[in-house]
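Report on the structure given below.
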Amino acid sequence: MELPLSRYQNISLGQILDSSSSSAFDSKAFFFSGSQLYWTNGRKRSTSFSPLRCSLVKQTLRPKPNYKPSKPHEDTEEKTNIKHTKENKFSFGLCDQIEKLVFKRRYQEALELFDFLEIEDGHGVTSSTYDSLVNACIGAKSIKGVKRVTNHMFNNGFVPDQYMSNRVLLMHVRCNMLMDARILFDEMPQRNLVSWNIMIAGLVDVGDYVEAYRLFLTMWSEYSEADSRTFATMIRATAGLGLLYPGRQLHSCVLKMGVSDDIFVACALIDMYSKCGSIEDAQFVFDAMPQKTTVGWNTIIAGYALHGYSEEALSLYYEMQDANVPMDHFTFSIVVRICARLGSLEHAKQAHASLVRHGFSLDTVANTTLIDLYSKWGRIEDARNVFDRMPCKNLISWNALIAGYANHGRGEDAVELFDKMLCEGMRPNHVTFLAVLSACSNLGLSDRGWDIFYSMDSIHNINPRAMHYACMIELLGREGLLDEALALIRNAPFEPTMNMWAALLTACRIHKNLELGVFAAEKLYGMGPEKLSNYIVLLNIYNNMGKMEEAASVIHNLKQKGLRLLPSCTWIEIKKQSHAFCSGDKSHAQTKEIYQYLDGLLVEISKHGYVPENRYLLPDVDEKEEHMLLYHSEKLAVTFGLMNTPDYVPLQLVQSHRICHDCHNALKLISKVKDREIVVRDASKFHHFKNGSCSCGDY
DNA sequence: GTAGGGTTAG
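So for the first sequence, full-length UniProt numbering puts the first residue at 1; every next one is plus one.
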């Protein structure tokens, strides 16, 4: 499987840095942080980092109202003296309490107590209390707290040493105040390796990998400083960029510096190699780990899973168990996801049970994966149960269930859940809208769809993307509003995408508008001349219209480019035994019975109005294979994103129902399949079938 | 002398 970022593999870091004009530091976005006044020990400021930016900082620095001291001092000599004596005692007690609360991880309470310290004179506050307050802010992720603590230090003339400077920097980074953190960092009178590491890690955390690299290269070239922590962070940045070549360079540096045995570095390397497309290198690093930790195992298992090697990933998980390595919530999240991909309900149930047994039944990520897993199997009530029992739901959890409902014909529930989500104050994102618009589309709720579509920008401040447009086009198309759908494409604030034209094309096929259909198909054909699906769609349309000359020209073009249809694959699990099927392959021992069953199902769905399209698929297709190809043609459409369907299709005949919009009967079919303990899934991403080699039998 | 690093979900 080609990884999405593998196209960058041959690009050097230099090219990335040169070509990137993006910077996290937009001069307009600067705001007052107090840093220039904060570092007061008189050391010369460094100008080696973006002098231009520093001058911008000076130009644009202006105090923000909420950054001012909360209680200005009344500094008459007499009052100060009296208060100082009284409050020192008071402050000491208070400081002590704050430190104790932070030690007990009661961060919010500690910050509340800090209120009293703010009101009074804080000259007696020591580094130790500030250190605790830093932990409180980080623990509570409180931006307000960061500002209060920083101001308190400044107002009370506290001069931080190197240690406290780094702690303050860390506090800003961990509370997602990257702009402030960067200003603090640039203005620091003195930095050490820890300061650099904190700043670089902060940039990596927010995904600004290029800027992290810039900083790292500056550090490396000017100071020749870096340790295992720096490398672990930079390897993570490389993984984020998907750059194998710089990743290898970092690996070399790690070896030369003798920090390759560091567990953090090893785990980061495994992850980096996995994400950059080299699972062999990941395995090599894993094998070389002197001590294989939980994170190490998690990372290599996730790596195999990422590459589609689900069985290998699962056997590694069993190896991990045999090695008595403790498992954590990461392990179970990864394993549940693997089971979802494997399409094995048996494995999934075991993973779910293990998760509960090991005490991770409350974990948000693992539970969200379970929701996704059960939804994809159509076990939507199980998904709902998991969701309802979750003590802490985040946006992804909501999205998973809404999408689950939408993809299984439970549009009403999806829209209802979307409304509930808004009522509970959860802010939707573009994924939420994709799911809920898809639900509206399935239900034929064009008015509600429009309302939701418009609300994206007007209420939720989210610009609809091409996929949202495609959803709306599908919705309008199903209602037969082809002109409206075409107008939406033409009025889109960006170039229409293939998905948008494909949605229109589907609508044209449903409503037999061949002229608009051919227009859409030709657009598609022009947009992706190397995409096989576009040839097929156009070919089908020409054939349906009786335009034989045009059809012949498409076939000619197809042959010239050497494109051909690879066999489609599906496999099913029946009573814990998996069976794979490819187009035209009849080597299975029960081929005859299977075909009889499929024919029976076809007859059954035909009773509900399904009419197979006339297909003149491709040249050189054996007549005997045509029957098989018929079953796979919808799947092909799904694979190429021509229809809005879930990744894993319970039964491809269900797709036929979706084509004629008979969700009710599609669901009836799904439950019928479930009763027989049959699970069918799309095999197109599975490694056994890479390079078109399909085989039945063992698997 | 303190502080900074790695893996998961839609």
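The C-beta atom is built at its ideal place from N, Cα and C for all residues, glycine as well.
- M177 and I143 have their C-alpha atoms spaced approximately 7 Å apart.
- The criterion of a C-beta distance shorter than 8 Å is satisfied by F231 and L250.
- Counting along the chain, no alpha helix (DSSP H) covers T293, and no H or E run does either.
- Comparing alpha carbon positions, the residue from A485, V210, D261 and G303 closest to D271 is G303.
- The segment 432-517 is shown to contain whole alpha helix (DSSP H) runs of 4 or more residues at 446-458, 466-478, 482-491 and 498-510, in chain order.
- Burial of C137 is indicated by the presence of at least 16 other C-beta atoms within 10 angstroms of its C-beta.
- Apart from sequence neighbours up to five positions away, the residues of its chain that approach D261 with a beta-carbon distance below 6 Å are P290, ordered along the chain.
- L94 and P391 have their C-alpha atoms spaced approximately 34 Å apart.
- Of the other Cβ atoms in all chains shown, 16 or more fall within 10 Å of the Cβ of K147; this residue is therefore buried.
- Judged by DSSP secondary structure, H358 falls outside any alpha helix (DSSP H); it is assigned neither H nor E.
- For the pair of segments examined, the segment 500-519 was found to touch the segment 537-544: the number of CB pairs separated by less than 8 Å reaches three.
- Ranked by Cα distance from E495, the first of K523, I235, L184 and I555 is K523.
- Excluding residues up to 5 positions away in sequence, N534 and L538 lie with their Cβ nearer than 6 Å to the Cβ of Y525 in the same chain.
- Under the three-state reduction of DSSP, C137 is assigned to helix.
- Here T368 is not near I334, since their CB atoms are 8 Å or more apart.
- Counting the other CB atoms within 10 Å of its CB gives N298 a total of 16 or more, which places it among the buried residues.
- Two segments are said to touch when three or more pairs of C-beta atoms, one from each, lie closer than 8 Å; by this definition the segment 468-484 touches the segment 505-514.
- Burial of G296 is indicated by the presence of at least 16 other C-beta atoms within 10 angstroms of its C-beta.
- Shortest Cα-Cα distance from F264 to any of T238, G247, A487 and R229 involves R229.
- The alpha-carbon of I98 is positioned some 46 Å away from that of P246.
- Rounded to the nearest angstrom, the gap between the Cα atoms of S587 and N442 is 38 Å.
- When secondary structure is reduced to three states using DSSP, W297 falls in the helix class.
- In this structure, DSSP gives Y163 a helical state, which the three-state scheme calls helix.
- Within the same chain, Cβ atoms closer than 7 Å to the Cβ of V554 are found at Y535, L538, L539 and Y542, the five residues on either side in sequence being excluded.
- Spanning the alpha carbons of L184 and Y209 requires a straight line of approximately 19 Å.
- By the Cβ-count criterion, G145 is buried, with 16 or more other Cβ atoms from all chains shown falling within 10 Å of its own Cβ.
- Per DSSP, the continuous alpha helix (DSSP H) segment holding E593 begins and ends at T591 to K607.
- Nearest to E312 by C-alpha distance, out of N324, D382 and E280, is E280.
- The three-state secondary structure of V125, taken from DSSP, is coil.
- If you keep only unbroken alpha helix (DSSP H) runs of at least 4 residues inside the segment 258-328, you get 263-275, 279-288, 294-306 and 310-322.
- Under the three-state reduction of DSSP, Q190 is assigned to coil, being neither helix nor strand.
- Around the CB of S310, 16 or more other CB atoms lie within 10 Å, so the residue is classed as buried.
- A straight-line Cα-Cα distance of about 19 Å links H468 and H408.
- The DSSP-derived three-state label of M390 is coil.
- For A502 and C471, the gap between their C-alpha atoms comes out near 11 Å.
- T294 is positioned such that its CB atom lies no closer than 8 Å to that of V336.
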